[in-house]
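Quick mapping for you: the protein sequence lines, in order, are chains A and B.
Counting in the working numbering, the first sequence runs from 498 upward without gaps.
Counting in the working numbering, the second sequence runs from 89 upward without gaps.
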Amino acid sequence: MNPTLAGFLQALALVGALALSYRPLGDHIAHTLTTRKHLRVERVIYRLIGVDGEAEQTWGSYLRSVLAFSFISVLFLYGFQRLQEHLWLSLGFPAVSPAVAWNTAASFVTNTNWQSYSGESTMGHLVQMGGLAVQNFLSAAVGIAVVAALIRGFRGSGGRSPEGHSTRNRTDHLGNFWVDLTRITLRVLLPISIVFALVLVAGGVVENLHAAQVVHTLSGATQSIPGGPVASQEVIKQLGTNGGGFYNANSAHPFENPNPFTNLVAVYLMLVISFALCRTFGKMVGSNKQGYTILSVMGLYWVASASLITFFEHQHSGIASQIAGAAMEGKEVRFGIPGSSLFAASTTLTSTGAVNSLHDSFTPLGGGTAILNMMFGEIAPGGTGSGLYGILILAVVTVFVAGLMVGRTPEYLGKKLGAREMKFASLYILTTPAIVLCGTGLAMSLKAGHGGGMNNSGPHGFSEVLYAFTSAANNNGSAFGGITVTSTHWQTALGLAMLFGRFLPMVFVLALAGSLARQTPIPETTGTLRTNNPLFVGMLSGVILIVVGLTYFPALALGPLAEGLH
Amino acid sequence: MAKPLPTPVRNHLTGLRILLLFTVLCGLLYPLAITGISQVAFSSQANGSLVKDGSGKVVGSSLLGQNFTVVSADGRTVSPDPELFQSRPSAAGAKGYDPTASGGTNKGTDDPDLAGTYTQLKAAVAEFNGVAQSQVPPDAITKSGSGLDPDISPAYAAIQVGRVARARGLTDARVQALVTKYTRSRTLGFLGEPRVDVLDLNIALTELG
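1) Have a look at histidine 986 of chain A and histidine 957 of chain A and give me their C-alpha separation to the nearest angstrom.
2) Excluding the 5 residues flanking methionine 1036 of chain A on each side, which residues of the same chain have their C-beta closer than 7 angstroms to its C-beta?
3) Give a yes or no on whether 7 angstroms exceeds the smallest Cβ distance from phenylalanine 278 of chain B to chain A.
4) Taking threonine 111 of chain B as the reference, which of A:Gly513, A:Ala552, A:Leu629 has the closest Cα?
5) Which whole-angstrom value describes the C-beta separation of valine 213 of chain B and alanine 203 of chain B, a residue pair presumed to lie in contact below a C-beta threshold of 8 angstroms?
6) In angstroms, rounded to a whole number, what distance separates the CA positions of asparagine 608 of chain A and serine 975 of chain A?
7) Can you tell me which of the three DSSP states glutamate 908 of chain A falls into?
8) Between asparagine 99 of chain B and phenylalanine 566 of chain A, what straight-line distance do the alpha-carbon atoms span, to the nearest angstrom?
9) Should glutamine 223 of chain B be flagged as near chain A, meaning a C-beta pair shorter than 7 angstroms?
10) Give a yes or no on whether the C-beta atoms belonging to arginine 283 of chain B and valine 830 of chain A are separated by under 7 angstroms.
11) Less than 6 angstroms separating the Cβ of glutamine 127 of chain B from some heavy atom of the ligand FMN?
12) Tell me, which residues are paired with threonine 275 of chain B by DSSP?
13) Mind checking glycine 218 of chain B: buried by the 16 CB within 10 Å criterion, or exposed?
14) Any beta-carbon of chain B closer than 7 angstroms to the one on isoleucine 770 of chain A?
15) Report buried or exposed for threonine 268 of chain B, applying the criterion of at least 16 other Cβ atoms within 10 angstroms of its Cβ.
16) When you compare only the Cα positions, how much space is there between leucine 891 of chain A and phenylalanine 651 of chain A?
17) Using the C-alpha atoms, what's the distance from alanine 503 of chain A back to valine 624 of chain A?
18) Mind the definition here: the region 682–690 of chain A touches the region 727–744 of chain A only if three or more C-beta pairs lie below 8 angstroms; say whether that holds.
19) Decide if the region 147–167 of chain B is in contact with the region 710–725 of chain A; the criterion is three or more beta carbon pairs, one per stretch, under 8 angstroms apart.
20) Counting Cβ pairs, one atom from each stretch, are 3 or more of them under 8 angstroms apart for the region 180–195 of chain B and the region 734–754 of chain A?
21) For leucine 761 of chain A, does the three-state DSSP call read helix, strand or coil?
22) Here's the rule: buried if 16 or more other CB atoms are within 10 angstroms of the residue's CB, otherwise exposed. What is glutamine 221 of chain B?
23) What in chain B is Cβ-close to histidine 713 of chain A, meaning under 7 angstroms?
24) Mind listing the chain B neighbours of threonine 860 of chain A? Cutoff is C-beta to C-beta under 7 angstroms, in chain order.
25) So, does the region 901–911 of chain A touch the region 1012–1032 of chain A, judging by three or more C-beta pairs under 8 angstroms?
26) Which residues in the same chain have their Cβ closer than 8 angstroms to the Cβ of leucine 266 of chain B, if we skip the five residues on either side of it in sequence?
27) Indicate the three-state DSSP secondary structure (helix, strand or coil) for lysine 140 of chain B in the structure shown.
28) Consider the Cβ of glutamate 766 of chain A: report whether some Cβ of chain B lies at a distance smaller than 7 angstroms.
29) Between which two residues does the beta strand (DSSP E) harbouring serine 367 of chain B extend?
30) Tell me the DSSP bridge mates of glycine 148 of chain B?
31) Helix, strand or coil for valine 982 of chain A, going by three-state DSSP, please let me know.
32) Buried or exposed, going by whether 16 or more other CB atoms sit within 10 Å of the CB of valine 128 of chain B?
33) Whole angstroms are fine: how far does the CA of leucine 914 of chain A sit from the CA of valine 1045 of chain A?
34) DSSP on histidine 713 of chain A, reduced to helix/strand/coil?
35) To the nearest angstrom, how far is the alpha carbon of isoleucine 106 of chain B from that of glutamine 632 of chain A?
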């Protein structure tokens, strides 16, 4: 088969699988978030943790629960790593050093999964399973919980209603964080993980508790074959848009991603929840069309980005790759250009950050597109939950801009967007760029501390630093991996970027949700801007491009553009 | 009765309790159950798709690439084994193909050092296999992301056929037939790229005698 056609069919198969999952999965998540019925096991959990499953929280209370839970998680994960040598299945590895343990704890709790360590030589099996993989589940669930609270702010009917759709009452109730966390993990993440973990093992991903096994190769040398409960962690790493690899090479490692089939499954898993949440959103606000509108914008950006990266990688610009004849540095033969590009686009447009090829070795514009993907705020379709709340904030901004143009009070989904709402939306939009640009600027100016870690020289070296802060602040976790980030400076700076990049936006999202929830819904009139048609799709797409483009253009010009446009 | 704890303390205690609960559920029971099922139902895959040579000795994993080299009599130099198909170059560990140090070079496509390395490698691969430099495919000189790539492209296998046949005293046709047998096309006709698993091919080759 012609390679171009094969690449196209591969993408088409993925789109088909995602389309088939959209309604059932989206409806299931909506049901999970709105039903009044608790499962028996959930009642047991609520009793054990001392929570009233029927209680509703205000935005402040919801936020305090999110923060308390995340704070405890960081402490716990830090301690777990520091005590590794005394634990079962440590494989003889010593305690993780304080700087790495701090960075990793911040990284996994914030759904970033930035890795400043090499899995196969740092983490024992118990820390991987009981520490890191647990946060893969829970940090993903936290993201979905926060977007659930925001949607409840729009529908204004409190957390749960028997019929599961809008009753549009004035309230300050946004649901219950502990109930959301428990339900999302038990009813959504765990069942899908169980099924697909077995699919991955059948496909060749390893799943055992062995230490490395030394064999004599065909040429008589020795090779140490690693073990580990990889498949069970791999599946939630993708499904929860986490991205932290069991091994250093992440999804390029043949034990994590042995063939083109497991590769397609991986890409499917990282996209499926975030796309399906559009359906959940539509269902919960009582208009599936609102969900399709958001889905269209996400889909548009995803298709454009995947096509661009594939195109740039095929072109293989660059002196070195012209000599080689293809941009195959850092890529695996089994995936080739199409399989690597599709993965790269999807992992940077979600907050996954897993890699099946090394982005540092991508062409300047291919790698630049990956940076731009993250700069958009990871909204196409974004991380589990965080992608949807990110794009909903941008939709709020779009409605406001459109309202200014026609001189009407902007309203979205029956709620007025006044000064208070716009302040929260603006703060959200400003937070991440502030962290990325200040962080990058500081790192470049403090040569002794940060700038020293670059692997490549010239604009590509700058791209490595820009990529690092963009990835950390947007909770992506992928890297231009050549950069050396093991110094205490880097560990601390990126750890803080991840924490602020995760939790400050959540504060603004929940504050916005609280402010929306308190409003009495206003009925739609002929003068209301419609937010469920192609015109709005175009406006929202434009706002995303302009807001992000203007913010980051100077930084991009110094890095990927300077390198890629000769 | 004791005074109820202040709300922030209660919040953190709830957080700790739910975290411990899910650590047991998602961090122990779930992976152990998956491991148990996998060990019974998919034992070969779950344990790393290990492969044996003709004598039944485990020589590696189908999924992990290896160096196929010969050591000189004085033990000082290690060079590619002309009797075996060669894998891609690897950046994993000092000698390459070290699974305890998976990874790639992370060099950009404009990197001058990388360009120099490519020029040298291209000449070396062409000379070793007795073919023109223009016939050397990209995967023969680029390093993979994992440093453990088990596969080479059919094009890289094709330029090695003549050299392997000469070194082993076999006909080109015999070696070519084996390469064809071990060439895997795209999954379902459109997923991934056509490729040859080098270790599997080399094991079959050594069994030919």
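All C-beta atoms in this analysis are idealised placements derived from N, C-alpha and C, irrespective of residue type, glycine included.
Result, derived from the coordinates:
1) 21 angstroms
2) Thr895, Ala899
3) yes
4) A:Leu629
5) Not quite, the Cβ-Cβ distance comes to about 16 angstroms (not below 8 angstroms), so this is no contact.
6) 12 angstroms
7) strand
8) 8 angstroms
9) no
10) yes
11) You won't find the ligand FMN in this model; it holds no ligand whatsoever.
12) B:Leu279
13) exposed
14) no
15) exposed
16) 15 angstroms
17) 40 angstroms
18) yes
19) yes
20) yes
21) helix
22) exposed
23) Val147
24) Thr197
25) yes
26) Leu289, Ala292, Leu293, Leu296
27) strand
28) Just to set this straight, residue 766 of chain A is leucine in the shown sequence, not glutamate. No, because no Cβ of chain B sits closer than 7 angstroms to the Cβ of leucine 766 of chain A.
29) Coverage of chain B is limited to positions 89 through 297, which leaves residue 367 of chain B absent and any answer about it impossible.
30) B:Val139
31) coil
32) exposed
33) 22 angstroms
34) strand
35) 12 angstroms
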